[in-house]
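Here's the structure, in structure tokens; my notes come after.
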Amino acid sequence: MTFKIQAPYPPIQVTTFLPDPIVGDSVAVSGSVIIKRKMNGSKKVYVQGKNTRRKYIWQFNITRHKALELAELINAYFARDILITFDNDTFIGNFTVNPFEFETTSRMANFPGEELVTISLEFEADNGA
Amino acid sequence: MSENRIYAYRPYVGNTSDPDDPLLYSETVPTLTKQSDVQFSYPPDTPTTTLTLKTPEFGNRDRRHFQRIKRDLRGGGFNLFADSSWPRQTLLLMTFARVKTEEKEGVLTFLSDTLGQEIEFRDWENRVWRGVIRNPDAPAIQNRHYGFDISIEFEGELQ
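The listed protein sequences derive, respectively, from chains A and B.
Count along the first sequence starting at 1, add 28, and that's the number in the numbering used here.
Count along the second sequence starting at 1, add 4, and that's the number in the numbering used here.
What follows is the structure, encoded as structure tokens:
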């Protein structure tokens, strides 16, 4: 199983494969509420619904060379629609994290670039796209 | 699926007739040559002052910030927009550990002499950057009996 990123969408121009994200990935409903209390004690709730939009956070441990490849993709398509295929699901949306932060955490002998890089990607997409 | 595909620099790069697409990037990995030290030089073209330090500790960060607009739409979706001419920042965050006492003065003098000036930075992969040190007030901290730690934030562009 791999994590496939294709951009832009459509038409697809570049495809990059990443290893699976590390355990700890998350998905959340992308909505918010504002609660106002009235003078008589009752409350009024304003909802900012975002339909079926969900926010995904994936963290990756990748090689230094793969980090360079991902940096190029982000540099080119950070504001474009992206297609992600992972775990038999497809997601069409956008990277919403800014800034993107690549952290070199340790050596990784015998792998391309010989260093281990960690990056967290935040992505918003419609559920079931 | 080849395992190498998820470890090596191997993007599938196609082509498109869309004139709005950004320029395609290289399909070959940049040449990286490991160095045992890094070098800051000022002025960039004809350096008269040079600071050489050992490579930074692991945990260094490459932070990329993009100017873009994100607008939520009434229907629940959102729009992202960025113009290719809008500024992009690349920030290198590095910590140099165990800087010798005699080197420490050199670092502080270099930071003072190049305050706000554009400098050249040759990194530990032999890539050359030009930019500015964003935290010239970086303290040299003595965390152990021997040697100082200094964290530097360098904002620049890869040449």
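Think of the CB as a built atom: it goes at the ideal place given N, C-alpha and C, for glycine as much as any other residue.
Just to make sure I have the definition right: I need the residues of chain A whose C-beta is within less than 8 angstroms of the C-beta of residue i. Which are they?
i, result
"Tyr-150(B)", "What Tyr-150(B) touches in chain A: nothing, since even the nearest Cβ is about 24 angstroms away."
"Tyr-2(B)", "Since the first residue shown for chain B is 5 and the last is 163, residue 2(B) is missing from the structure and cannot be characterised."
"Arg-9(B)", "Thr-30 and Phe-45"
My output table needs one value for residue i: the three-state DSSP class, helix, strand or coil.
i, result
"Phe-158(B)", "strand"
"Ile-10(B)", "helix"
"Lys-108(B)", "helix"
"Thr-30(A)", "coil"
"Glu-31(B)", "coil"
"Asn-147(B)", "coil"
"Met-5(B)", "Bear in mind that the predicted position of Met-5(B) carries a pLDDT of just 47, short of 50, making it unreliable; the figure below should be weighed with that in mind. Met-5(B): coil per DSSP, three-state reduction."
"Ser-148(A)", "strand"
"Arg-78(B)", "coil"
"Ile-73(B)", "strand"
"Ala-157(A)", "In this prediction, Ala-157(A) has a pLDDT of 49, which is less than 50 and means its spatial position is unreliable; nothing more can be read from the coordinates."
"Arg-16(B)", "The residue asked about is misnamed: residue 16(B) is Tyr in this sequence, not Arg. In this structure, Tyr-16(B) counts as strand in the three-state DSSP scheme."
"Asp-66(B)", "strand"
"Asp-48(A)", "coil"
What's the gap between the Cα of residue i and the Cα of residue j?
i, j, result
"Ser-155(B)", "Ala-144(B)", "8 angstroms"
"Tyr-74(A)", "Met-67(A)", "17 angstroms"
"Leu-77(B)", "Pro-91(B)", "25 angstroms"
"Leu-96(A)", "Asp-117(B)", "33 angstroms"
"Val-42(A)", "Gln-34(A)", "6 angstroms"
"Ile-10(B)", "Phe-88(A)", "11 angstroms"
"Glu-142(A)", "Lys-94(A)", "11 angstroms"
"Thr-30(A)", "Leu-46(A)", "6 angstroms"
"Val-145(A)", "His-69(B)", "18 angstroms"
"Thr-52(B)", "Phe-114(B)", "11 angstroms"
"Ser-88(B)", "Arg-65(A)", "45 angstroms"
"Ala-157(A)", "Glu-100(A)", "Note that Ala-157(A) scores 49 on pLDDT, short of 50, meaning its location in the model is unreliable; the coordinates nonetheless yield the value given after this. Cα-Cα distance, rounded: 25 angstroms."
"Met-5(B)", "Trp-86(A)", "Legend: pLDDT at Met-5(B) = 47, less than 50; position of this residue unreliable, value from coordinates given subsequently. Spanning the two alpha carbons is a distance of roughly 21 angstroms."
"Val-103(B)", "Thr-50(B)", "26 angstroms"
"Pro-15(B)", "Pro-48(B)", "33 angstroms"
"Leu-96(B)", "Val-111(B)", "17 angstroms"
Under the assumption that residue i contacts residue j (Cβ atoms under 8 angstroms), give the Cβ distance between them as a whole number of angstroms.
i, j, result
"Phe-130(A)", "Phe-151(A)", "Incorrect: roughly 17 angstroms between the Cβ atoms, too far for contact."
"Leu-57(B)", "Phe-100(B)", "5 angstroms"
"Pro-49(A)", "Thr-91(A)", "The Cβ separation is near 15 angstroms, so there is no contact."
"Phe-62(B)", "Arg-72(B)", "At roughly 30 angstroms, the Cβ-Cβ gap does not stay under 8 angstroms, so Phe-62(B) and Arg-72(B) are not in contact."
Report the neighbours of residue i on chain B: residues whose CB is nearer than 8 angstroms to its CB, in chain order.
i, result
"Pro-49(A)", "Result: empty, since nearest Cβ-Cβ is about 12 angstroms, beyond 8 angstroms."
"Phe-151(A)", "Under the 8 angstroms cutoff, chain B gives no residues; its nearest Cβ is about 12 angstroms from Phe-151(A)."
"Lys-94(A)", "Ile-10, Tyr-11, Ala-12 and Tyr-13"
"Ala-99(A)", "Asp-66 and Arg-68"
"Phe-139(A)", "Tyr-11"
"Asn-116(A)", "Ordered by position in chain B, no residue passes the 8 angstroms Cβ test against Asn-116(A), which lies about 15 angstroms from the chain."
"Asn-126(A)", "His-69, Phe-70 and Arg-72"
Could you name the residues of chain B that residue i contacts, counting a contact when the two beta carbons are closer than 7 angstroms?
i, result
"Ser-70(A)", "Neighbours of Ser-70(A) on chain B: none; closest Cβ ~28 angstroms, over 7 angstroms."
"Glu-129(A)", "Arg-65 and Arg-67"
"Phe-119(A)", "Result: empty, since nearest Cβ-Cβ is about 14 angstroms, beyond 7 angstroms."
"Asn-122(A)", "Leu-84"
Name, please, each residue of chain B whose Cβ falls closer than 9 angstroms to the Cβ of residue i.
i, result
"Ile-102(A)", "Arg-68 and Phe-70"
"Asn-79(A)", "Gly-79, Gly-80 and Gly-81"
Check whether the Cβ of residue i lies closer than 8 angstroms to any heavy atom of the ligand FAD, and answer yes or no.
i, result
"Asp-66(B)", "This structure lacks the ligand FAD; in fact it carries no ligand of any kind."
For residue i, go through chain A and note every residue whose CB falls closer than 9 angstroms to its CB, in chain order.
i, result
"Phe-85(B)", "Ala-107"
"Phe-100(B)", "Chain A residues near Phe-100(B): none, gap ~14 angstroms exceeds 9 angstroms."
List, in chain order, every chain A residue whose beta-carbon is nearer than 7 angstroms to that of residue i.
i, result
"Val-33(B)", "His-93 and Leu-96"
Legend entry - Inside the segment 52-139 of chain A only - alpha helix (DSSP H) runs reaching at least 4 residues: 92-105
Inset, instruction - Quick one: which unbroken beta strand (DSSP E) runs of 3-plus residues sit fully inside the segment 34-63 of chain B? Chain order, please. - result: 41-46 and 53-58
Inset, instruction - Quick one: which unbroken beta strand (DSSP E) runs of 3-plus residues sit fully inside the segment 113-138 of chain B? Chain order, please. - result: 123-126 and 132-137
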